[in-house]
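Chemist: Going by my numbering, the first sequence opens with residue 9, and the numbers climb by one from there.
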Amino acid sequence: MEKSARTMKYNFKEIESRWQKYWEDNKIFQAPEHPSRDTFYMLVMFAYPSGDIHMGHFRNYIIGDAVARYQMMKGKDVLHPFGWDAFGLPAERAAIQRGLHPAEWTYKNIEVSRNTLKKTGISFDWSREVISCDPEYYKWTQWMFVQLFKKGLACQKEGLVNWCPEDKTVLANEQVVDGKCERCHTQVEKKLQTQWYFKITEYADRLIDDLDKLPGWPENVKTMQKEWIGRSYGAEIDFIIKETGERLPIYTTRPDTIYGVTFMALAPESPIIGRLNLEGKYKADVEAYRRKAVKRSEIDRAAATGEKDGVFTGKYAVNPFNGELVQLWVADYVLAHYGTGAVMAVPGHDSRDFQFAKKYKIPIKIVIHPDANTQLNLAEMTDAYTEYGIMVNSAHFDGQFGQVAIKAVTEYAVKNNYGRFKKNFKLRDWLISRQRYWGAPIPIIHCPDCGAVGVPEENLPVLLPPVENYLPKGRSPLADVPEFMNVKCPKCGKAAQRDPDTMDTFVCSSWYYLRYIDPNNVSEPFSREKATKWMPINRYVGGITHATGHLIYFRFFQKFLFDIGWVKDPEPASILFNHGMVMDSQGEVMSKSRGNVVSPITLMDERGVDISRLGMFFTAPSEKEVLWSDDVITGVEKFVINRFYPMVESYRDSNPDLKQYFKLNDLPENEKAAYIKLNQTIKKVAEDSERLQFNTMISALMELMRDYSPSDNKNDALNDYIILKSIQLIAPMAPHMAEEMWAVCKQQGSIFRSSWPLADESALTFDTITIAVQVNGKLRGQIEIKKDTSETQVMDVVKKNDRIAGYLGEGRIVKTIYIPGKLLNIVIK
RNA sequence: GCCGGAGUGGCGGAAUUGGUAGACGCCAGGGACUUAAAAUCCCUUGGGUCGUCAGGCCCGUGCCGGUUCGAGUCCGGCCUCCGGCACCA
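Pasting the structure below:
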């Protein structure tokens with residue numbers, strides 16, 4: 009019953025499908041091949057086709073859609089494309105679970121999701137759709153690999169890698185969360201393997217430094233990236249292993265504590281241990297410890313923030329600064345992959361070293377005092393003093409402070425040839441090879457004579473063979489396909505073998521934004537000329553989850569393409585916007601296992617696309633999370649169905665002249681308020697559009713409609729004008745409804761081809777305004793004055809106002825503060 | 001532990017650069033219409049208090065203090081929550 013009342017007044021099903029057809033037939037959202045006006049590139053993150061779309065997608069895309077439509081109305085050439093991140097583990101896993109071939113599963117899902125998306129009427133330019141598992145696309149992903157390979161930025165190397173025993177493949181550092189596989193949450197193991205890497209670490213400095221050139225990126229994302237890259241400045245100092253004479257370099261950010269070194273610690277994985285010539289008990293202990301440490305997963309090691317343990321090697325190292333001998337230990341709190349895999353331990357001034365020294369009764373030395381008047385007392389210390397301070401017990405460096413001390417000590421080491429300034433990063437090279445089927449094959453041929461040879465560009469793509477046996481087994485399924493594997497070396501022509509691995513799907517997603525610009529180009533990944541016109545991305549909208557993964561990778565790719573002359577900007581996106589999550593009404597994440605999923609499809613069927621959109625926009629600002637419940641819809645639904653839409657409907661059979669211009673002072677008194685309110689609303693909606701504050705845009709329109717009362721004088725020219733402008737203002741948020749109303753008002757063509765309303769700046773306020781009057785900062789009354797009244801004139805009015813005068817009493821007026829048009833504050837004593 | 005961000009009515013939230021806190025909406029209550037209900041429309045709605053019912057006064061934006069004529073907004077110190085990183089030497 010409820011529904012029939014709704015459909016009687018506002019037949020959204022009919023209206024929505026009719027306008028969607030109109031948009032498609034008239035190619036309203038097709039971006040021009042060669043833009044002639046200002047461009048606006050509106051990008052939303054493309055989707056994994058692992059099921060149908062959910063509320064999170066819906067929210068993401070309607071935000072992007074409203075921005076795109078707003079920019080269209082502002083007269084920009086808008087590029088608003090969409091595509092599918094179709095390769096990779098999630099799709100492959102879902103396919104395997106259902107006993108389907110990944111290709112079949114993926115394309116089926118794309119079909120389903122695309123149909124749903126088309127029903128949402130999002131203004132995507134579907135003619136530019138890209139699918140990353142199409143050979144026409146991954147040909148160019150492989151081309152990217154080859155370019156990186158040519159520049160030495162793609163390379164094979166042996167190292168300890170993250171191995172997911174469930175997915176039977178290696179993972180990038182970014183795909184390990186809390187020591188577990190990001191996708192299947194299995195504990196990740198460490199394995200020594202040869203794998204392909206992109207040398208993203210060569211871009212570490214620029215990836216950090218250029219963040220400062222991105223004022224349009226949220227602070228939290230920039231901070232997360234900075235910390236993820238983790239740059240630190242320090243020194244590398246060479247200790248010497250006493251018996252073997254081997255150089256033992258260590259990295260430290262605190263060279264000013266060098267005289268406090270009382271032991272050294274090596275990572276259990278350090279190759280140096282093998283060269284120590286350990287004997288007897290020491291040899292047995294160290295070997296047992298190493299076996300134990302390697303077995304412990306990284307998460308165990310990291311979680312053990314309390315207890316540190318290790319084992320003495322029986323060997324000693326020489327501190328080059330003072331010739332002192334210090335014990336050489338193996339301890340698993342030392343990470344093999346950071347710095348040199350060895351540390352100088354200063355228990356007096358490092359908490360971990362302090363604990364370790366206490367546990368194993370290793371001497372502790374104080375070499376830093378907080379300041380000239382505060383001295384540390386070792387006997388009373390329960391933890392290390394880790395702040396900067398004044399060097400003591402440090403030979404001729406005594407008395408130096410903080411950064412100056414660090415510089416002095418390092419310079420001394422440089423001069424004596426046993427140290428150097430050094431910078432370190434937490435960021436590791438990006439491991440991109442996967443021992444899985446569903447990915448772009450790595451375009452490399454291994455020749456017994458020539459080594460790894462890139463597949464010549466004219467031979468791309470290296471097609472992924474349609475194999476039957478694609479299940480993960482620990483090595484790439486492609487290795488078992490002789491027709492695929494056995495090829496001739498492109499350099500010397502001898503028999504050679506393809507690389508059997510496929511690429512991490514994050515490689516595919518690192519450059520998709522450029523393919524949209526020129527999706528059908530068969531001779532290049534994209535046209536440089538077109539890229540110059542559209543790039544950089546004006547707004548990139550997506551979830552926060554990609555802060556330290558995709559959003560670093562795609563910046564890296566852009567920089568690389570910049571370096572080799574393919575793009576003109578070193579950064580891909582000038583503004584990044586992270587929308588909040590959609591949760592259930594209890595604040596829980598929506599998931600199938602919880603059974604609390606609200607489908608945008610059901611919602612759109614029941615309420616219509618536009619009302620669903622308005623509900624989503626209105627309930628919270630875009631960056632905050634939304635707790636979804638039916639109540640979210642109620643207010644906007646009433647607004648549309650009971651107020652806005654019927655008002656416009658009343659025009660259906662009339663033929664009003666809607667081409668009107670107004671001058672505030674020519675309007676009769678009773679219409680001035682309405683005209684002013686309209687202009688205030690236009691101004692507010694435009695400002696809020698720029699900052700994606702849709703909730704307050706809707707409030708403003710609700711206020712305008714509340715104040716607007718056509719019942720008295722229905723065909724009044726001003727009322728018609730207000731209606732028309734209001735329809736334009738709501739159009740980016742409720743596009744189908746707006747088109748329908750626009751047509752009801754006898755306007756020709758799509759509303760998205762009309763120009764965005766401009767506020768009449770001369771009609772934003774009344775001649776007579778109300779200002780607040782405060783006495784000593786407390787509100788004591790309000791007075792009406794002419795707009796341009798001077799302060800003295802206002803004072804005269806105030807003094808005549810009995811109520812306010814009462815507050816002034818016999819107090820002496822010390823001073824007055826007058827904010828024109830707002831308030832007057834009188835300070836009395 | 002370190003680094004971000006946030007804390008405003010019963011609820012979602014507004015207040016864009018320090019200038020009338022609580023816009024807009026939900027919920028709730030009251031009224032109109034109706035045989036009745038739903039829907040719709042109108043009114044009330046931060047707390048306390050006085051009231052001749054016209055309106056007034058006090059308190060109030062996590063807590064304590066500060067700057068200022070004036071602080072939700074700025075500064076200092078806490079508390080709580082959310083997010084990220086986490087043995088990075």
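Yeah, the Cβ is synthetic: ideal placement off N, Cα and C, and Gly gets one too.
1. Tell me where the alpha helix (DSSP H) around R523 begins and ends.
2. How would you call E100, buried or exposed, if buried means at least 16 neighbouring beta carbons within 10 angstroms?
3. Could you check whether V590 and F66 sit closer than 9 Å to each other, using their CB atoms as the reference points?
4. Look up Y548 in the DSSP assignment and give the residues it is bridged to.
5. Throw me the rounded Cβ distance for the I374 and N330 pair, which I believe falls under 8 Å.
6. Helix, strand or coil for A312? Go by DSSP, reduced to three states.
7. Count the other CB atoms within 10 Å of the CB of Y18; is the residue buried (16 or more) or exposed (fewer)?
8. Determine which residues share a DSSP beta bridge with F271 and list them.
9. Would S762 and F702 qualify as a contact pair, given that the criterion is a beta-carbon distance under 9 Å?
10. Do you know whose CA, among C172, M713, H193 and A739, lies nearest V75's CA?
11. Tell me the DSSP secondary structure of L772 in three-state form.
12. Taking D715 as part of the alpha helix (DSSP H), name the residues at either end of that continuous run.
13. Would you kindly work out how many angstroms separate the C-alpha atoms of V294 and E254, rounded to a whole number?
14. Residues in the same chain with beta-carbon distance under 7 Å from Q155, minus the five sequence neighbours each way, listed in chain order, please.
15. Using only alpha-carbon positions, find the residue among A273, D317, T321 and T270 that is nearest to G288.
16. Considering only the beta carbon of each residue, do G268 and V354 sit closer than 9 Å?
17. Does the beta-carbon distance from P418 to F433 come in below 9 Å?
18. Could you compute how far the alpha carbon of F652 sits from the alpha carbon of D674?
19. According to DSSP, simplified to helix, strand and coil, what is V426?
20. Going by the beta-carbon positions, is the gap between A555 and N228 smaller than 9 Å?
21. Runs of 4 residues minimum, wholly inside the stretch 394-466: which ones carry the alpha helix (DSSP H) assignment?
22. Going by Cα to Cα distance, which pick from L472, Q756 and F48 is closest to Y30?
23. One question on the structure: do C141 and A103 come within less than 9 Å of each other, judged by their Cβ atoms?
24. Please classify N327 as buried or exposed, where buried requires at least 16 neighbouring CB atoms within 10 angstroms.
25. Which residue spans inside the stretch 231-304 form an unbroken alpha helix (DSSP H) run of at least 4?
26. Could you give the DSSP three-state label for I825: helix, strand or coil?
27. According to the Cβ coordinates, are I759 and M81 closer than 9 Å?
28. Measure how close the beta-carbons of V530 and E657 come, nearest whole angstrom, since I'm counting them as under 8 Å.
29. Where do the ends of the beta strand (DSSP E) carrying E839 lie?
30. Decide if L766 is buried, meaning its Cβ has at least 16 other Cβ atoms within 10 Å, or exposed.
31. Indicate whether the contact test is met: 3 or more Cβ pairs, each with one atom in the stretch 767-774 and one in the stretch 669-689, closer than 8 Å.
32. Identify which residue in L732, M272 and H744 has its Cα closest to the Cα of L622.
33. Does K794 come out as helix, strand or coil in the three-state DSSP assignment?
34. Go through its chain and collect everything with a Cβ distance to A344's Cβ below 8 Å, but skip five positions before and after it.
35. Going straight from the alpha carbon of I139 to that of Y115, what length do you get?
36. Quick one: complete beta strand (DSSP E) runs, 3+ long, within the stretch 481-518?
Modeler: In brief:
1. For this step, residue 523 is matched to residue 515 along the first sequence. Note, R523: alpha helix (DSSP H), Y520 to R523.
2. In the first sequence, counting from the first residue as 1, residue 100 sits at position 92. Burial of E100 is indicated by the presence of at least 16 other C-beta atoms within 10 angstroms of its C-beta.
3. Along the first sequence, read from residue 1 onward, the residue named residue 66 stands at position 58. Along the first sequence, read from residue 1 onward, the residue named residue 590 stands at position 582. Contact: yes.
4. Counting from one through the first sequence, the residue named residue 548 turns up at place 540. In the DSSP assignment, Y548 is bridged to L51 and L584.
5. For this step, residue 374 is matched to residue 366 along the first sequence. For this step, residue 330 is matched to residue 322 along the first sequence. Incorrect: roughly 15 Å between the Cβ atoms, too far for contact.
6. Counting from 1 along the first sequence, the entry for residue 312 is found at position 304. Summary for A312: the model assigns pLDDT 49, below 50, so the residue's position carries little reliability; its value from the coordinates is reported in the next sentence. In the three-state reduction of the DSSP assignment, A312 falls in the coil class.
7. Start at 1 with the first residue of the first sequence, and residue 18 comes out as number 10. Result: buried.
8. As a working note, residue 271 is residue 263 in the first sequence. DSSP lists Q335 and A353 as partners of F271.
9. For the purposes of this step, residue 762 is taken as residue 754 along the first sequence, with counting starting at 1. For the purposes of this step, residue 702 is taken as residue 694 along the first sequence, with counting starting at 1. No, they are not a contact pair.
10. Residue mapping note: residue 75 aligns to position 67 of the first sequence, counting from 1. For the set C172, M713, H193 and A739, the Cα lying nearest the Cα of V75 is the one of A739.
11. As a first step, residue 772 is located in the first sequence; it is residue number 764 there, counting from the start. Three-state result, L772: coil.
12. For the purposes of this step, residue 715 is taken as the residue at position 707 of the first sequence. Element bounds for D715: F702 to D715.
13. For the purposes of this step, residue 294 is identified with residue 286 of the first sequence, where counting begins at 1. For the purposes of this step, residue 254 is identified with residue 246 of the first sequence, where counting begins at 1. Roughly 19 Å separates the two Cα atoms.
14. As a first step, residue 155 is located in the first sequence; it is residue number 147 there, counting from the start. Scanning its chain for C-beta atoms nearer than 7 Å, with the 5 sequence neighbours on each side dropped, one finds around Q155 the residues I572, in chain order.
15. Taking the first residue of the first sequence as position 1, residue 288 is located at position 280. Distances from the CA of G288 to each of A273, D317, T321 and T270 were compared; the closest alpha carbon is that of T321.
16. The residue labelled residue 268 in the question sits at position 260 within the first sequence. The residue labelled residue 354 in the question sits at position 346 within the first sequence. Against a cut-off of 9 Å, the Cβ pair of V354 and G268 comes out as a contact.
17. The sequence position of residue 418 within the first sequence is 410, counting from 1. The sequence position of residue 433 within the first sequence is 425, counting from 1. For the record, residue 418 in the displayed sequence is Thr; it is not Pro. Annotated as distal: T418 and F433, with beta-carbon spacing of 9 Å or more.
18. Sequence index remark: in the first sequence, residue 652 carries index 644 (1-based). Sequence index remark: in the first sequence, residue 674 carries index 666 (1-based). Taking the straight line from one Cα to the other gives about 27 Å.
19. The residue labelled residue 426 in the question sits at position 418 within the first sequence. The sequence shown places Tyr at residue 426, not Val. Reduced to three states, the DSSP call for Y426 is coil.
20. Stepping through the first sequence from its first residue, residue 555 is reached at position 547. Stepping through the first sequence from its first residue, residue 228 is reached at position 220. Using a Cβ distance threshold of 9 Å, A555 and N228 count as a contacting pair.
21. As far as the stretch 394-466 is concerned, its whole alpha helix (DSSP H) runs of at least 4 residues are 410-423.
22. Against the first sequence, residue 30 aligns to sequence position 22. Answer by Cα proximity: Q756.
23. In the first sequence, counting from the first residue as 1, residue 141 sits at position 133. In the first sequence, counting from the first residue as 1, residue 103 sits at position 95. No.
24. Within the first sequence, residue 327 is the residue found at index 319, counting from 1. By the 10 Å Cβ count, N327 comes out buried.
25. With a minimum length of 4 residues, the continuous alpha helix (DSSP H) runs that stay inside the stretch 231-304 are 288-303.
26. For the purposes of this step, residue 825 is identified with residue 817 of the first sequence, where counting begins at 1. The answer is strand: DSSP assigns I825 an E or B state.
27. Here the question's residue 759 lines up with position 751 in the first sequence. Here the question's residue 81 lines up with position 73 in the first sequence. Between I759 and M81, the CB-CB gap stays under 9 Å.
28. As a first step, residue 530 is located in the first sequence; it is residue number 522 there, counting from the start. As a first step, residue 657 is located in the first sequence; it is residue number 649 there, counting from the start. With a Cβ gap of about 51 Å, V530 and E657 do not count as contacting.
29. Past the boundaries of the shown model lies residue 839; the chain is included only from 9 to 837, so the question cannot be answered.
30. The count along the first sequence starts at 1 and reaches residue 766 at position 758. Exposed.
31. These segments touch.
32. Taking the first residue of the first sequence as 1, we reach residue 622 at position 614. A check of alpha carbon separations from L622 across L732, M272 and H744 identifies H744 as the nearest.
33. Sequence index remark: in the first sequence, residue 794 carries index 786 (1-based). Strand.
34. On the first sequence, position 336 is the one that residue 344 refers to. Result list for A344: L168, A275, P276, E277 and S278, in chain order.
35. In the first sequence, the residue the question calls residue 139 occupies position 131. In the first sequence, the residue the question calls residue 115 occupies position 107. The straight-line gap from Cα to Cα measures roughly 9 Å.
36. The stretch 481-518 contains these whole beta strand (DSSP E) runs: 494-496 and 503-506.
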